[in-house]
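A quick write-up on the structure given underneath.
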Amino acid sequence: MSDLPVFPEGFVFGAATASYQIEGAAYDDGRGPSIWDTYSHTPGRTAGGDTGDVACDHYHRYAEDIGLLRGLGVDSYRFSIAWPRIQPTGQGSANQKGLDFYSRLVDELLEAGIEPAATLYHWDLPQALETPSNSGSAAGGGWRVRETAERFAEYTAIVAELLADRVPRWITLNEPWCSAFLGYSVGRHAPGAQEGTGALAAAHHLLVGHGLAVKALRAAGVREVGITLNPDFNVPATDSAADRAVALRADTQHNLVWTDPILAGRYPEAEQDTWGELITRQDFRRDGDLELIAQPLDFLGVNYYRPTLVADAPYRETDPAVRVATDNRYAERPWPDVRRNAMGWPVVPETFTQLLTGLKDRYGDALPPIHITENGTAEHDEVAADGAVHDTDRVTYLHDHLTALRAAMDAGVDVRGYYVWSLLDNFEWALGYAKRFGIIRVDYDTQERTPKDSYHWYRKLIAAHQGRPQS
Ligand code: GBH
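Each residue of the sequence shown is one higher than the last, beginning at 16 in the working numbering.
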């Protein structure tokens, strides 16, 4: 693996994590419950009944983890802020101890010479905004209701006031597709609902929340504002007209529902064909929303892991009254003849190039510079007799995807940075701790951290990029 891809000067190398996946300390210092506490504590929702109660105990071990980031040599660290640490019920005055934690984290990063990149929402919605307690005055309903977007803007303003002068890069939402469609249609993410129009309303209110948060961040004078999406690379299984139409429906549901409003100020053209009766009720959309949603961004965050092969299929549920929003007359087919990682995902690095050039083709000059805010893989890691983790498959994956990323840049896509997912093995949502994405192994019994071979490989790549000795 000597042919390391070479990146332009100033290109940002980083690593990423998210609050609920690593922090633990779920009951410490006044943190309120989030929808993920509720979901993970509901029997049958997560693999092995795993929860984020302890996770990587990063809340108490952040200094050690920053030491590992410093050893890695990254330019930037992407973390997320837990809204329920800042506002335990999702509204009202700030919880000082929550603010203090992120303030300390940011100060230690800066001291280590690492630029903080903060995500405001990586799925841990305060539970009180989903189902209000008797004493609370929140409306409830989570992202199905517009009020949640307004609460999100207030929370953003609180955090921005605290950190605007110390955090240069801000991400409003992480993967709103997951929040809206895994959360309110598939039901495999919190809050675990399976709805049609409710999920479409959630998608819209996430967009509105993004727009309001952009305003709040601009008002606080932050340097860079963006949003992180997880665009799918959908490939039709055959050349048939039917399968090409399917790919457009899959694109609409996964991608265009976000990128068309945010980058082009319009709702996707094929939304009627994609959602049929479910999108007929549009009273959650208001005049002026598109202008709010389409405010200029400094960057687009892209998370990319795998491509999807799609083929025409009938509705799974024929009755539109109970049909969910992700039932769009298509089915996924296995990608032939490629390696699969521990998630069962096909590893096809060249699709990373194609995804990025496709975005450029569609949006042209309206496409802002891109940061790859996540890319990585879960593998069947093993601890060797010498205590090391020789994660060769992960090294190959990262090498090949960085090479594919470089090819997209050569083809004219303006990419400014790359954050590996993830710094640490962590709570992989519904799949619990069994799936390991880290470049650092975490022993969940002892909380011991062991840098894997991929950590050392990435460290050398970064050192070579920065012109430092590579050993
Ligand atoms: C990203 O999600 C997330 O931003 C990050 O938090 C996550 O750890 C990472 O990628 C790796 O997955 O069995 O139905 O729960 C990407 C979307 C959402 C894909 C969860 C895998 C599990 C399928 N991921 N999903 S399910």
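Think of the CB as a built atom: it goes at the ideal place given N, C-alpha and C, for glycine as much as any other residue. Bear in mind that the values here come from a model prediction, so they are computed numbers and not experimental data.
For Leu278, does the three-state DSSP call read helix, strand or coil?
Along the sequence shown, read from residue 1 onward, the residue named residue 278 stands at position 263. Of the three classes helix, strand and coil, the one that applies to Leu278 here is helix, per DSSP.
Relative to the ligand GBH, is the shortest distance from any of its heavy atoms to the C-beta of Phe94 smaller than 8 Å?
On the sequence shown, position 79 is the one that residue 94 refers to. False, no ligand heavy atom lies under 8 Å from that Cβ.
Relative to the C-alpha of Leu439, which residue among Gly59, Pro23, Ile81, Glu24 is closest?
Taking the first residue of the sequence shown as 1, we reach residue 439 at position 424. Closest option to Leu439, Cα to Cα, is Ile81.
Just checking Leu438 against the ligand GBH - is the residue's beta carbon closer than 8 Å to any of the ligand's heavy atoms?
Sequence index remark: in the sequence shown, residue 438 carries index 423 (1-based). Checking every heavy atom of the ligand GBH against the Cβ of Leu438, none is found closer than 8 Å.
Which same chain residues, not among the five before or five after Pro329, have their C-beta less than 8 Å away from its C-beta?
Counted from its first residue, the sequence shown places residue 329 at position 314. Closer than 8 Å at the Cβ level, and outside the excluded window around Pro329, lie Arg344.
May I ask you to report which of helix, strand or coil DSSP gives Gly180?
In the sequence shown, the residue the question calls residue 180 occupies position 165. Before going further, note that residue 180 is Asp rather than Gly in the sequence given. Asp180 falls in the coil class under three-state DSSP.
Do Glu389 and Tyr434 have their CB atoms nearer than 9 Å?
Residue numbering aside, residue 389 sits at position 374 when the sequence shown is read from its first letter. Residue numbering aside, residue 434 sits at position 419 when the sequence shown is read from its first letter. Closer than 9 Å, so yes.
Could you check if Glu190 belongs to the surroundings of the ligand GBH, using beta carbon to heavy atom distance under 8 Å?
As a first step, residue 190 must be located in the sequence shown, where it is residue number 175. Flag set: Cβ of Glu190 near the ligand GBH.
Nearest CA to the CA of Phe442: which residue from Asp52, Arg166, Ala30, Ala132?
Counting from 1 along the sequence shown, the entry for residue 442 is found at position 427. Of Asp52, Arg166, Ala30, Ala132, the residue nearest in Cα terms is Asp52.
Can the beta-carbon of Pro183 be found less than 9 Å from the beta-carbon of Ala143?
Start at 1 with the first residue of the sequence shown, and residue 183 comes out as number 168. Start at 1 with the first residue of the sequence shown, and residue 143 comes out as number 128. No, Cβ-Cβ distance for Pro183 and Ala143 is not below 9 Å.
On the criterion of 16 or more Cβ atoms from any shown chain inside 10 Å, does His395 qualify as buried, or is it exposed?
One-based indexing of the sequence shown puts residue 395 at position 380. Counting Cβ neighbours within 10 Å, His395 comes out exposed, since fewer than 16 surround it.
Taking 8 Å as the cut-off, is the C-beta of Trp444 nearer than that to any heavy atom in the ligand NAD?
In the structure on display, the ligand NAD does not appear, and the ligands it does have are the ligand GBH.
Under the three-state reduction of DSSP, which class applies to Pro361: helix, strand or coil?
In the sequence shown, the residue the question calls residue 361 occupies position 346. Pro361 falls in the strand class under three-state DSSP.
Does the separation of the CB atoms of Val317 and Pro206 fall below 9 Å?
Mapped onto the sequence shown, residue 317 falls at position 302. Mapped onto the sequence shown, residue 206 falls at position 191. The answer is no: Cβ separation not under 9 Å.
When DSSP labels each residue in this structure, what does Phe442 get in the three-state scheme?
Position 427 of the sequence shown, counted from the start, is the residue given in the question as residue 442. Three-state result, Phe442: coil.
For the pair the segment 99-118 and the segment 44-51, tell me if three or more CB-CB distances fall below 8 Å.
Yes: at least three Cβ pairs fall under 8 Å.
Using only alpha-carbon positions, find the residue among Glu347, Thr341, Gly291, Lys450 that is nearest to Ala252.
Working through the sequence shown from its first residue, we reach residue 252 at position 237. Taking only the C-alpha atoms, the option nearest Ala252 is Glu347.
For Tyr92, which of helix, strand or coil comes out of DSSP?
Taking the sequence shown and counting its residues from 1, the one referred to as residue 92 is at position 77. Tyr92 falls in the strand class under three-state DSSP.
So, for Ile13: in the same chain, excluding its five sequence neighbours on each side, which residues have a beta-carbon less than 6 Å away from its beta-carbon?
Examination of residue 13 is not possible in this model, given that the chain is present from 16 through 486 alone.
Which runs of the alpha helix (DSSP H) spanning at least 4 residues fall entirely within the segment 301-387, listed in chain order?
With a minimum length of 4 residues, the continuous alpha helix (DSSP H) runs that stay inside the segment 301-387 are 304-308, 365-378.
Can the beta-carbon of Ala164 be found closer than 9 Å to that of Leu221?
Position 149 of the sequence shown, counting from 1, holds the residue named residue 164. Position 206 of the sequence shown, counting from 1, holds the residue named residue 221. For Ala164 and Leu221, yes; Cβs fall inside 9 Å.
Compute the Euclidean distance between the alpha carbons of Asn356 and Ala62, then round it to the nearest angstrom.
What you label residue 356 is simply residue 341 of the sequence shown in a count that begins at 1. What you label residue 62 is simply residue 47 of the sequence shown in a count that begins at 1. Straight-line Cα distance between these residues: approximately 18 Å.
Is His386 a contact residue of the ligand GBH, with contact defined as CB to any heavy atom under 8 Å?
Sequence index remark: in the sequence shown, residue 386 carries index 371 (1-based). Outside the cutoff, so no.
Which one of Leu232, Glu176, Val160, Thr212 has the shortest CA to CA distance from Thr187?
The sequence position of residue 187 within the sequence shown is 172, counting from 1. Closest by alpha carbon: Leu232.
Taking Tyr448 as part of the beta strand (DSSP E), name the residues at either end of that continuous run.
For the purposes of this step, residue 448 is taken as the residue at position 433 of the sequence shown. No beta strand (DSSP E) holds Tyr448; DSSP gives it neither H nor E.
Drop a sphere of 10 angstroms on the beta-carbon of Thr407, count the other beta-carbons inside from all chains shown, and report buried for 16 or more, exposed for fewer.
Numbered from its first residue, the sequence shown carries residue 407 at position 392. Classification of Thr407: exposed, given that the 10 Å Cβ count is below 16.
Among Val339, Met424, Trp138, Ile454, which residue has its Cα nearest to the Cα of Val212?
The residue you call residue 212 lines up with position 197 of the sequence shown. Per the sequence shown, the amino acid found at residue 212 is Thr instead of Val. Per the Cα distances, Val339.
Evaluate the contact criterion for the segment 84-104 versus the segment 29-45: three or more CB pairs, one atom per stretch, below 8 Å.
Yes, the segment 84-104 is in contact with the segment 29-45.
Please identify the residue among Trp444, Thr418, Pro364, Met358 whose C-alpha is closest to the C-alpha of Phe22.
Reading the sequence shown from its first residue, position 7 is the one you call residue 22. For the residues Trp444, Thr418, Pro364, Met358, the minimum Cα distance to Phe22 belongs to Thr418.
Count the other CB atoms within 10 Å of the CB of Tyr117; is the residue buried (16 or more) or exposed (fewer)?
Locating residue 117 in the sequence shown gives position 102, counting from the first residue. Classification of Tyr117: buried, given that the 10 Å Cβ count is 16 or more.
Determine whether the beta carbon atoms of Gln462 and Cys71 lie at a separation below 9 Å.
Translated into the one-based positions of the sequence shown, residue 462 becomes position 447. Translated into the one-based positions of the sequence shown, residue 71 becomes position 56. In contact: Gln462 and Cys71 (Cβ atoms closer than 9 Å).
Could you tell me if the beta carbon of Arg456 falls within a distance shorter than 8 Å of some heavy atom in the ligand GBH?
For this step, residue 456 is matched to residue 441 along the sequence shown. Not so, every heavy atom of the ligand GBH lies at least 8 Å from the Cβ.
Would you say the beta carbon of Val201 comes nearer than 8 Å to a heavy atom of the ligand GBH?
The count along the sequence shown starts at 1 and reaches residue 201 at position 186. Because some heavy atom of the ligand GBH lies under 8 Å away, the Cβ of Val201 counts as near it: yes.
Going by C-alpha to C-alpha distance, which of Asp460, Glu130, Tyr199 sits closest to Val337?
Residue numbering aside, residue 337 sits at position 322 when the sequence shown is read from its first letter. Of the listed residues, the one whose Cα sits closest to Val337 is Tyr199.
Determine the burial state of Ser3: buried for a count of at least 16 other Cβ atoms within 10 Å of its Cβ, exposed for fewer.
No answer is possible for residue 3: it lies beyond the span of the chain, which begins at 16 and ends at 486.
Between which two residues does the alpha helix (DSSP H) holding Phe116 run?
Within the sequence shown, residue 116 is the residue found at index 101, counting from 1. Run containing Phe116: 111-126, per the alpha helix (DSSP H) assignment.
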